Structure formats: C-alpha cells, structure tokens
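J.: Dropping the structure in here first, questions after.
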Amino acid sequence: MVLGSSAGVVVDHAAVSDPGRDPEKQINEDAVAITEMPFGVAVVVCDGMGGHIGGERASRTAVARIVEVLGSSGGPVSRALQAAFERAHAEVYALGGDLPVDQRPGSTAVVLTLAGREALIAHVGDSRAYRLRDGTLERLTRDHSVVAALVAAGAIRPEHAERHPDANRITRALGISQELEPELSAPLFVSPGDVFALCTDGLSDLVSDAEIAEILGKGESPEASCKELVDLANARGGHDNVTVAIARVLEVSDVRPRETVEMPGQDRTRAWPPAFTGLMTRHPGPEPVPDKDRRASAPTTFDPRLCLP
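For the sequence shown, my numbering assigns the number 158 to the initial residue and increments by one for each residue that follows.
Okay, structure coming up:
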C-alpha cells in the first residue's frame, strides 16, 4: 500500500503480525501502525508484556497514544516523539494501578518518523529498527536489555546471549517504572530506495540480520517481504508473537522538516553496525523490568493499519 504526503515523502508499506507457534502465546501482544501524519509518515511497533490480557492492552494503548500525539502535534517532530512517549508511558503505567513491578503490564516501543528527507527513530526496549540502503543493512537501534549490556561490557560472548537466563529481560519499557528514558536517534538522511523495517524480538530472536538483509534486498513488495520474514521465524519454532513493518521510500522532496530538538540525555550516534547490540548509557540504567516472556493463550485479531485498544 502506498502512502503519499504533502510533507514530501511517499512510501510503499506493509505490516504483518502473527501470534507465532507457541500454543500458550496465542494472544498476540504485539501491536503496529503505519499511518500518514501532518509531517509525513509514522511507523509504530510495540511488544506488550504483563500476562493475561495486560500485555495486549499495554501494546495497543501505546500504539494508539503514540499515533494520536504525533498526529496532533504542531511542533518539531522530535519534540512530538518525546510527548508521544510520555503520554503512552503514562497511560500504560496507569493500567497497572497499584500492582508491584513484577506484575505490571508494559510494552516496548519503536517508532520511525519520515518527514521530507529526514527520518528519526525513537525506542525503548528490544524492538528494533533497520534500514537497507544499497544492499547494506544498518541496525538503527540498540537493544535495551540485560544481555545486550552484558555483551557490551564483555561479560558474555554474543553467541552465548541467546541462552543466557536473562535473555528475555529488558532494561527500559513503557509502563513499568515511573521514570522513562526513550532513546532518540540523530536525524537520518532519507533517499529514494531506502527500506526501513521495524520488528519485535519474535523476529530478531530467530532471524539474523544477514537474513533480514537478504530478504529485504530481493526487491519484493513490502507485503511479500513481511510475510517471508514472519514465515521464516515461524518455521524456526515461532516461540513468540512476531511483528514486522516495512516502509520502502519511493519519493522524497526537499521539504524542510520542522525543527529538530533533542530529547534529554539523547545520544547523537546515528546508527550501529549490524553486529552491535550494546547498551550505552550516560549513567546507570534502571533495574531490569520483569521477564517479558509471560503471555496469555487465546487468539486475537490484527488490523495492519492501526491496532487500537
């Protein structure tokens, strides 16, 4: 499906979300939206946690509020992203009431905004964003997870991360603690032909960056690429809900995006090489949030344009 925009960017896009193959995780706690905005286009992917229906409500609430705030903001896109994360965090936090940390619903979030020739990425947790350009895949986010921090510190080897007992524990999320520290990328220059992909860990746990690059590089439609990636994850066990959203840039103009401002504590690094999964913070991060591998077990429906609560 093609989205055009008066803000100077046209994309072909698709999203696929699947509950996976684990019979005890058949409530899909992922949520996704790809929508046109006053500034251009936004892609939002969230992965909920919290058991029972908490994770599903958390991710859908997060997606809905992020889309709402981005769509109604008239200021700089980066400031709108900050406001969107703050609003989503507050509403997901409210879902938990007085529950203790280890029982609260929460959600990861990764958001791509495209405005003219400029892209921004904001995220918390281990849902990822990638860009394929001229056959080279860049990972545009770094996982906010326990094992990523251990790998970055040299405490464990990357090949041991998957089997580590804390493999499913993340260090930042919406709704878990009162404080939120989203990470915002530096502005990325966008060119026609760029392919952006956002995904939950249901994909990245089972499909390597090299395989993602190979599939995106085939030049198939975003819908076909999403389906192939999800099918590959499911063929390897599909141990979790898996969501992929792809936006292929068709046209961009020199429309100047609204002024960019930095989030507090923002790291200005543009991108990380495909093998990098470290967690770089300017001060010690919060305590790890609960293991997000806690799912319920009943089917749910999926709207590829916008999953609302």
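Ideal placement from N, C-alpha and C gives every residue a C-beta, glycine not left out.
Computed from a prediction, not measured in an experiment: that's the story for all the values here.
With burial defined as no fewer than 16 other Cβ atoms inside 10 Å of the residue's Cβ, what is the status of residue 425: buried or exposed?
T.: Stepping through the sequence shown from its first residue, residue 425 is reached at position 268. Interpretation of residue 425 is limited by its pLDDT of 34, a score under 50 that renders its predicted location unreliable; no figure is taken from the coordinates.
J.: Kindly identify the DSSP beta-bridge partner or partners of residue 160.
T.: Here residue 160 refers to the residue found at position 3 when the sequence shown is read from its first residue. For residue 160, which the question treats as bridged, DSSP gives the partners 168.
J.: Hey, would you say residue 400 sits closer than 9 Å to residue 340, going by beta carbons?
T.: Within the sequence shown, the letter at position 243 stands for residue 400. Within the sequence shown, the letter at position 183 stands for residue 340. No, Cβ-Cβ distance for residue 400 and residue 340 is not below 9 Å.
J.: By the three-class DSSP mapping on this structure, what secondary structure does residue 353 have?
T.: Against the sequence shown, residue 353 aligns to sequence position 196. Strand, per DSSP.
J.: List the DSSP bridge partners of residue 317.
T.: Walking along the sequence shown from the start, residue 317 turns up at place 160. Note: residue 317 sits in no beta bridge, so no partner.
J.: Quick one, which of 165, 222, 250 and 197 has its alpha-carbon nearest residue 189's?
T.: Taking the first residue of the sequence shown as position 1, residue 189 is located at position 32. Residue 222 is the option with its Cα nearest to residue 189.
J.: My parser needs the alpha helix (DSSP H) runs of 4 or more residues fully inside the stretch 318-394; what are they?
T.: Counting only runs that start and end inside the stretch 318-394, the alpha helix (DSSP H) elements of at least 4 residues fall at 358-361, 366-373 and 379-392.
J.: How long is the line joining the alpha carbons of residue 393 and residue 370, rounded to whole angstroms?
T.: Working through the sequence shown from its first residue, we reach residue 393 at position 236. Working through the sequence shown from its first residue, we reach residue 370 at position 213. Roughly 18 Å between the two C-alpha positions.
J.: Entirely within the stretch 168-216 and at least 3 residues each: give me those beta strand (DSSP E) ranges in chain order.
T.: 187-194 and 197-206
J.: To which residues of the same chain is residue 132 closer than 6 Å at the C-beta, ignoring the five residues directly before and after it?
T.: In this structure the chain extends from 158 to 466, so residue 132 is not present and cannot be described.
J.: Between residue 184 and residue 396, what straight-line distance do the alpha-carbon atoms span, to the nearest angstrom?
T.: Within the sequence shown, numbered from 1, the residue matching residue 184 stands at position 27. Within the sequence shown, numbered from 1, the residue matching residue 396 stands at position 239. C-alpha separation (whole angstroms): 13 Å.
J.: Where does residue 174 land, buried or exposed, given buried means 16+ other C-beta within 10 angstroms?
T.: Along the sequence shown, read from residue 1 onward, the residue named residue 174 stands at position 17. Counting Cβ neighbours within 10 Å, residue 174 comes out buried, since at least 16 surround it.
J.: What does DSSP give as the partner residues of residue 287 in its beta bridges?
T.: Within the sequence shown, residue 287 is the residue found at index 130, counting from 1. Partner(s): 296 and 354.
J.: Can you name the start and end residues of the alpha helix (DSSP H) that residue 244 belongs to?
T.: As a working note, residue 244 is residue 87 in the sequence shown. Element bounds for residue 244: 234-252.
J.: Could you say if the stretch 353-362 and the stretch 375-391 meet the contact criterion of at least three C-beta pairs nearer than 8 Å?
T.: Touching, per the Cβ criterion.
J.: Out of 303, 379, 348 and 172, which has the shortest C-alpha to C-alpha gap to residue 469?
T.: Any answer about residue 469 is impossible in this case: the structure gives the chain only from 158 up to 466.
J.: Please report the distance separating the alpha-carbon of residue 293 from that of residue 257.
T.: Translated into the one-based positions of the sequence shown, residue 293 becomes position 136. Translated into the one-based positions of the sequence shown, residue 257 becomes position 100. If you take the alpha carbons of residue 293 and residue 257, they lie about 44 Å apart.
J.: Could you tell me the distance, in whole angstroms, from the CA atom of residue 207 to the CA atom of residue 177?
T.: Taking the first residue of the sequence shown as position 1, residue 207 is located at position 50. Taking the first residue of the sequence shown as position 1, residue 177 is located at position 20. So the alpha carbons of these two residues sit roughly 18 Å apart.
J.: Counting along the chain, where does the beta strand (DSSP E) carrying residue 407 start and finish?
T.: Sequence index remark: in the sequence shown, residue 407 carries index 250 (1-based). Run containing residue 407: 399-409, per the beta strand (DSSP E) assignment.
J.: Over the uninterrupted beta strand (DSSP E) stretch that includes residue 256, give me the two end residues.
T.: Locating residue 256 in the sequence shown gives position 99, counting from the first residue. Run containing residue 256: none; DSSP gives neither H nor E here.
J.: Measuring only the C-alpha atoms, how far is residue 218 from residue 362?
T.: Counting from one through the sequence shown, the residue named residue 218 turns up at place 61. Counting from one through the sequence shown, the residue named residue 362 turns up at place 205. Rounded to whole angstroms, residue 218 to residue 362 spans 25 Å at the Cα level.
J.: Answer yes or no: do residue 346 and residue 275 have a C-beta to C-beta separation smaller than 9 Å?
T.: Numbered from its first residue, the sequence shown carries residue 346 at position 189. Numbered from its first residue, the sequence shown carries residue 275 at position 118. Taking 9 Å as the Cβ cut-off, residue 346 and residue 275 qualify as a contacting pair.
J.: Tell me the DSSP secondary structure of residue 312 in three-state form.
T.: Translated into the one-based positions of the sequence shown, residue 312 becomes position 155. Correct three-state label for residue 312: coil.
J.: Give me, in chain order, the residues of the same chain whose beta-carbon lies closer than 6 Å to that of residue 248; leave out the 5 immediate sequence neighbours on both sides.
T.: Within the sequence shown, the letter at position 91 stands for residue 248. Correct list, in chain order: 218 and 222.
J.: What does a CB cutoff of less than 6 Å around residue 420 pick up in its chain, not counting 5 residues either side in sequence?
T.: Counting from 1 along the sequence shown, the entry for residue 420 is found at position 263. Note on residue 420: pLDDT 45, under 50, position unreliable in the model; the coordinate value appears next. Only 239 and 341 meet the Cβ criterion.
J.: Which of the three DSSP states is assigned to residue 218 in this structure?
T.: Counted from its first residue, the sequence shown places residue 218 at position 61. If DSSP states are grouped into helix, strand and coil, residue 218 belongs with the helices.
J.: With respect to the beta strand (DSSP E) encompassing residue 301, which residues constitute its N-terminal and C-terminal limits?
T.: Reading the sequence shown from its first residue, position 144 is the one you call residue 301. Note, residue 301: premise wrong, no beta strand (DSSP E); not H, not E.
J.: So, using beta-carbon positions, are residue 343 and residue 200 closer together than 9 Å?
T.: Within the sequence shown, residue 343 is the residue found at index 186, counting from 1. Within the sequence shown, residue 200 is the residue found at index 43, counting from 1. Not a contact, by the Cβ cut-off of 9 Å.
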